[in-house]
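Trainee: The structure's right below; bear with me while I get my questions together.
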Amino acid sequence: MKKSLLLSAAIAVASTAATAETLRIPHELGYGGSESIDPISPQRFYEAIQNVYSRLVRQGDDGRPSADLALSWEATPDAKEWTFKLRPGVTFHNGNEFTAEDVAFSLMRTQSETIDSPTKGVMEIIDHVEVVDPLTAKVVLKQTHADFPLLVMDYRIKMLDAETCGGDLDALCESGVGTGPFQLTGYDPLGTTTLDRFDNYYGGAAGVEKMELIAIADQDARVAALQAGQIDFIYALSAEQVPLFKNNPNFTVQSVPTGRWVGLVMNTTLEPFNDPRVRKAIRMTADRDALGKLVYGKDGFITSCDHPVWSGDQYRAEIECPRDIEGAKALLAEAGYPNGLTVELFVSDISEGAVKMAEVLQNQAKDAGITIELVQAPSDGYWGDVWMKEAFFATGWSQRPADQILNEAYRSTAAWNETAWNSADFDAGLDAARGELDFDKRKALYGNLQKELWENGGSFIPVHLNTVRAFSSKLGGIQPVEDFSIRYEDVTKSGSGS
Amino acid sequence: MLKLLKTIVSRPSGAIGLGLTVFHILMALCAPWIAPFDPTAQNADAILIAPSAQHWMGTDTLGRDVFSRVLHGGRLAIAVTFSAAVLATLWGGFAGIFFGTVGGRVDEYSMRIVDAFLSMPWLLFLLLIISIGGAGPVTIIPTLGFFYGVAVLRVIRGAAMQVAARDFVTAAKARGEALWPILSREMFPNLSDILLVEGAMRWSWMLLAFSSLSFLGFGATPPTPDWGLMVAQERGLLSTAPWGVFWPCVALSSLIIGINLLADAVGKALGLDRATAIAV
Numbered sequence: 000m001k002k003s004l005l006l007s008a009a010i011a012v013a014s015t016a017a018t019a020e021t022l023r024i025p026h027e028l029g030y031g032g033s034e035s036i037d038p039i040s041p042q043r044f045y046e047a048i049q050n051v052y053s054r055l056v057r058q059g060d061d062g063r064p065s066a067d068l069a070l071s072w073e074a075t076p077d078a079k080e081w082t083f084k085l086r087p088g089v090t091f092h093n094g095n096e097f098t099a100e101d102v103a104f105s106l107m108r109t110q111s112e113t114i115d116s117p118t119k120g121v122m123e124i125i126d127h128v129e130v131v132d133p134l135t136a137k138v139v140l141k142q143t144h145a146d147f148p149l150l151v152m153d154y155r156i157k158m159l160d161a162e163t164c165g166g167d168l169d170a171l172c173e174s175g176v177g178t179g180p181f182q183l184t185g186y187d188p189l190g191t192t193t194l195d196r197f198d199n200y201y202g203g204a205a206g207v208e209k210m211e212l213i214a215i216a217d218q219d220a221r222v223a224a225l226q227a228g229q230i231d232f233i234y235a236l237s238a239e240q241v242p243l244f245k246n247n248p249n250f251t252v253q254s255v256p257t258g259r260w261v262g263l264v265m266n267t268t269l270e271p272f273n274d275p276r277v278r279k280a281i282r283m284t285a286d287r288d289a290l291g292k293l294v295y296g297k298d299g300f301i302t303s304c305d306h307p308v309w310s311g312d313q314y315r316a317e318i319e320c321p322r323d324i325e326g327a328k329a330l331l332a333e334a335g336y337p338n339g340l341t342v343e344l345f346v347s348d349i350s351e352g353a354v355k356m357a358e359v360l361q362n363q364a365k366d367a368g369i370t371i372e373l374v375q376a377p378s379d380g381y382w383g384d385v386w387m388k389e390a391f392f393a394t395g396w397s398q399r400p401a402d403q404i405l406n407e408a409y410r411s412t413a414a415w416n417e418t419a420w421n422s423a424d425f426d427a428g429l430d431a432a433r434g435e436l437d438f439d440k441r442k443a444l445y446g447n448l449q450k451e452l453w454e455n456g457g458s459f460i461p462v463h464l465n466t467v468r469a470f471s472s473k474l475g476g477i478q479p480v481e482d483f484s485i486r487y488e489d490v491t492k493s494g495s496g497s
Numbered sequence: 000m001l002k003l004l005k006t007i008v009s010r011p012s013g014a015i016g017l018g019l020t021v022f023h024i025l026m027a028l029c030a031p032w033i034a035p036f037d038p039t040a041q042n043a044d045a046i047l048i049a050p051s052a053q054h055w056m057g058t059d060t061l062g063r064d065v066f067s068r069v070l071h072g073g074r075l076a077i078a079v080t081f082s083a084a085v086l087a088t089l090w091g092g093f094a095g096i097f098f099g100t101v102g103g104r105v106d107e108y109s110m111r112i113v114d115a116f117l118s119m120p121w122l123l124f125l126l127l128i129i130s131i132g133g134a135g136p137v138t139i140i141p142t143l144g145f146f147y148g149v150a151v152l153r154v155i156r157g158a159a160m161q162v163a164a165r166d167f168v169t170a171a172k173a174r175g176e177a178l179w180p181i182l183s184r185e186m187f188p189n190l191s192d193i194l195l196v197e198g199a200m201r202w203s204w205m206l207l208a209f210s211s212l213s214f215l216g217f218g219a220t221p222p223t224p225d226w227g228l229m230v231a232q233e234r235g236l237l238s239t240a241p242w243g244v245f246w247p248c249v250a251l252s253s254l255i256i257g258i259n260l261l262a263d264a265v266g267k268a269l270g271l272d273r274a275t276a277i278a279v
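Protein sequences, first through last, are from chains Y and F.
Numbering that gives the first Met the number 0 puts the first sequence at residues 0 to 497.
Numbering that gives the first Met the number 0 puts the second sequence at residues 0 to 279.
Structure follows, in structure tokens:
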């Protein structure tokens, strides 16, 4: 009896020690410190909102929507009305109960003109949300969408407390009160933001007691911080950085194929990129396989043809886009540039490989008489000062389902329509695809949109990336999933000291 | 001139300095003909190859030959900083001689302005001006020339005050000679040696400044082979592929050391004490 008591006490102490750790992850400072804790803000503080709030549905292990705050959902036969059954007994960090009212508030505010959220273009499909009862919400769409749960699986469509946010659909909600596994205890986007474990989290207590989100703008500095033990985790390792951790027993390296991409963007309304022949000529100069090998290593990518739908997506269209220098020259000559063209490209160390990608394209494009002059911009503040401000610039996107990324980046009204792509036919095509209930026909429609982007679009998306992350061997529970799907509440940290 | 050269190389430090400086200038001039590879040619099958018989200094993250890039790496830096050093020496030297000669309130007030410029964090101002005017020789040469010229002015003005107090200058003033003849005939010949050494010293510092700018993304732009830019691009690989950083650093530091030793030897050969910057 005595022995078992002692054993129980030892286990209890060990268990307390194991969970009393602090998980420290870097925050990329992409908005130069003006990050917002509101998940739908254009300057959302990703690392914080991922842990403070929860979604209605989340990505399951198979990539399909799985239960989170909604336990189940069903649609009417025309897929215009979606009913979500909510998880009972869920409370926000301030003790308020999570109900269908909060669902209605959180979904409808995404359409606010005032907030102008990047999610607006995608979520405008919602006509209204009916509160059937406290645990049932019916989402009525303006048009059929056969894959609507994929839209609310977005990492920014989080559920907020309507009461704490004052019920104002047009105001940013900076309360930081959610139903997520961690609650906000200190907010300092320029320094260290602190989160404490939320003991009433419906999914069970998180594996670590605290999280620290430490602002480190530069990837090399993040690598150095991980090596020095100042942080526990980094993502987006470059091919050259992998050997720093790969054979070191103190670290674990994970490589996961994803829909993430780093690309170059031509604003389709600004000269010379307002001519589709110029845009296509630049894209045709790329040897995508060589580019991928040079920038991401031979196992770090899957080539793409300038559309954002990745190889693991059910709607991906397989398009051939071989390098064609003569074709590019002919297009340039047609466009009025028979002697070549000089353009400025703004790049920064914003996403892994962005600068190298620009350098490789610069080298490849010169064979067609295209001179690309690189302008290096500081990485901190890049998204506010350069992105969508210049005519030709670098970008980076995380994985999204086909419908979402096509609507979010190419619908004419989308806030993050970075190529300024304005095509009524394309918008109609997006609507038609959403409204098509037959899978094969829907796939064909999404395929046509991808082909249109290859022919005329403003994006240069040569490859989709494997995401490579490294973390301390003290960490456990990090699943090999894309970055936005990591469940930090499942992460454990062993060893002494925090 | 030959005598001066002989005096310089008679000291080991002078010979090393002259040798390093001339070597780097020759390498920069002849790089297009002696580099084994195109310094911008990328090769997906030759990424981060360690130094070997084919690639003496290895290859970088884009499969480019580091030796060829190091050879070319000094061309832009030397051209830009030499031009800026000439500019700094000319305007700083002239202004220094002028203020040191005229003295009085004009000198007093001007030196306060010089003090203000000297107290500024010059790198931040360089970055500010370049971020407004754009990176490139057209902006960088006058910017470096101006900021380093301020320091030249301060040194030369101090030396000029000592020369201006000498009898032959007093005699010239007593003869009623105008300011310009005094500056050109009496002052400049007695300060040209100091100016030469000062200009050489500023050149070496400018090389470091230009490389720092390139490192920060404000100097040379990709794919230009430049030592500072090469270090910036390969710095994340110090523990796995150090050659991409090591060789540009060796090249840059050896040129700076060479210019410093040469300037020191020239000063000594001309009978100057660099600590006081006056003829001894």
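Virtual Cβ for every residue (Gly too), placed ideally from N, Cα, C.
(1) Determine, for Y:LYS1, whether the minimum Cβ-Cβ distance to residues of chain F falls below 8 Å.
(2) If you drop the 5 nearest sequence neighbours on each side, which residues of the same chain put their C-beta closer than 7 Å to that of Y:HIS92?
(3) Could you tell me which whole alpha helix (DSSP H) segments of length 4 or greater appear in the stretch 260-295 of chain Y?
(4) Y:ILE371 bridges to which residues according to DSSP?
(5) Beta carbons nearer than 9 Å to chain Y: which residues of the stretch 21-54 of chain F have them?
(6) Skipping 5 residues on each side, what residues in its chain have a beta carbon closer than 6 Å to that of F:ALA49?
(7) Of the choices Y:GLY185, Y:ILE156 and Y:PHE470, whose alpha-carbon is the least far from that of Y:VAL56?
(8) State the start and end residues of the unbroken alpha helix (DSSP H) segment that holds Y:ASN421.
(9) If Y:GLU20 sits next to Y:TYR200, beta carbons under 8 Å apart, how far is it from one beta carbon to the other, in whole angstroms?
(10) Would F:THR80 be called buried (16 or more neighbouring beta carbons within 10 Å of its own) or exposed?
(11) Any beta-carbon of chain Y closer than 8 Å to the one on F:ARG68?
(12) Alpha carbon to alpha carbon, how far is Y:GLU123 from Y:PHE300? Give it in angstroms, no decimals.
(13) Report the neighbours of Y:ASN362 on chain F: residues whose CB is nearer than 9 Å to its CB, in chain order.
(14) Quick one: Cα of Y:GLN240 to Cα of Y:PHE147, how far?
(15) What does the alpha-carbon distance come out to for the pair Y:ALA8 and Y:SER472?
(16) Alpha carbon to alpha carbon, what distance is there between F:ARG74 and Y:GLY341?
(17) Could you compute how far the alpha carbon of F:ARG174 sits from the alpha carbon of F:LEU86?
(18) Is the stretch 229-240 of chain F in contact with the stretch 214-233 of chain Y, if contact means three or more CB pairs nearer than 8 Å?
(19) Could you tell me the alpha carbon to alpha carbon distance between F:VAL196 and F:ALA84, rounded to whole angstroms?
(20) List in chain order: all unbroken alpha helix (DSSP H) runs of 4+ residues lying wholly within the stretch 172-249 of chain F.
(21) Closer than 9 Å by beta-carbon distance: list the chain F residues that pair up with Y:GLU239, in chain order.
(22) Can you pull the DSSP bridge partners for Y:GLY185?
(23) If you compare alpha carbons, which of Y:GLN142, Y:ASP37 and Y:ALA74 is closest to Y:PRO117?
(24) Please report how far the alpha carbon of F:VAL190 lies from the alpha carbon of F:GLY95, in whole angstroms.
(25) At least one CB of chain F closer than 8 Å to the CB of Y:LEU293: is that the case?
(26) To the nearest angstrom, how far is the alpha carbon of Y:THR41 from that of Y:LEU171?
(27) Between which two residues does the alpha helix (DSSP H) harbouring F:SER9 extend?
(28) Whose Cβ in chain Y lies nearer than 7 Å to the Cβ of F:GLY216?
(29) Quick one: what does DSSP say Y:ASN95 is sitting in, helix, strand or coil?
(30) Tell whether a beta-carbon distance below 8 Å holds between Y:LEU243 and Y:VAL277.
(31) Strictly under 8 Å for the Cβ-Cβ distance: is Y:ALA289 near chain A by that measure?
(32) Do we get a CB-CB distance below 8 Å when we pair Y:GLU488 with the residues of chain F?
(33) Tell me, please, which residues DSSP counts as bridged to Y:PRO64.
(34) Between the Cα of Y:ASP288 and the Cα atoms of F:THR6, F:ILE15, F:PHE116 and F:ALA43, which residue gives the shortest distance?
(35) Applying a beta-carbon distance threshold of less than 7 Å, which residues of chain F neighbour Y:PRO242?
(36) Report yes if the CB atom of Y:GLY383 is closer than 8 Å to the CB atom of Y:GLY311, and no otherwise.
Mentor: Well, looking at it:
(1) Annotation note: pLDDT 44 at Y:LYS1 (below 50); position unreliable, no value reported.
(2) Cβ within range, chain order: VAL176, GLY177, GLN182 and PHE197.
(3) Here the runs fully enclosed are 275-283 and 287-295.
(4) Y:VAL342
(5) When C-beta distances to chain Y are compared with 9 Å, the residues of the stretch 21-54 of chain F below that value are THR39, ALA40, GLN41, ASN42, ALA43, ASP44, ILE46 and LEU47, in chain order.
(6) GLY57
(7) Among Y:GLY185, Y:ILE156 and Y:PHE470, the Cα nearest to that of Y:VAL56 is on Y:ILE156.
(8) Looking at the DSSP string, Y:ASN421 is not in any alpha helix (DSSP H), and its letter there is neither H nor E.
(9) With 8 Å as the limit, Y:GLU20 and Y:TYR200 do not qualify as a contact, their Cβ atoms being about 17 Å apart.
(10) buried
(11) no
(12) Cα to Cα, Y:PHE300 sits roughly 33 Å from Y:GLU123.
(13) THR39, ALA40, GLN41, LEU61 and PRO222
(14) 39 Å
(15) Because the pLDDT of Y:ALA8 is 46, which lies under 50, any placement of that residue in the model is unreliable, and the number read from its coordinates should be weighed accordingly. Taking the straight line joining both Cα atoms gives about 27 Å.
(16) First, the residue type needs correcting, since residue 341 of chain Y is Thr and not Gly in the sequence shown. So the two alpha carbons sit approximately 23 Å from each other.
(17) 33 Å
(18) Output reads yes: the stretch 214-233 of chain Y touches the stretch 229-240 of chain F.
(19) 11 Å
(20) 187-214 and 226-233
(21) ILE46, LEU47, THR60, GLU233, GLY235, LEU236, THR239 and ALA240
(22) Beta-bridge pairing by DSSP links Y:GLY185 to Y:THR193.
(23) Y:ASP37
(24) Inspection of the sequence shows that residue 190 of chain F is occupied by Leu rather than by Val. Using only the alpha carbons, I get a separation of about 10 Å.
(25) yes
(26) The displayed chain sequence assigns Pro, not Thr, to residue 41 of chain Y. C-alpha separation (whole angstroms): 10 Å.
(27) 1-9
(28) GLN375
(29) If DSSP states are grouped into helix, strand and coil, Y:ASN95 belongs with coil.
(30) No, Cβ-Cβ distance for Y:LEU243 and Y:VAL277 is not below 8 Å.
(31) Absent from the structure is chain A; the protein chains it does hold are Y and F.
(32) no
(33) Y:GLN58
(34) F:ALA43
(35) THR239
(36) no
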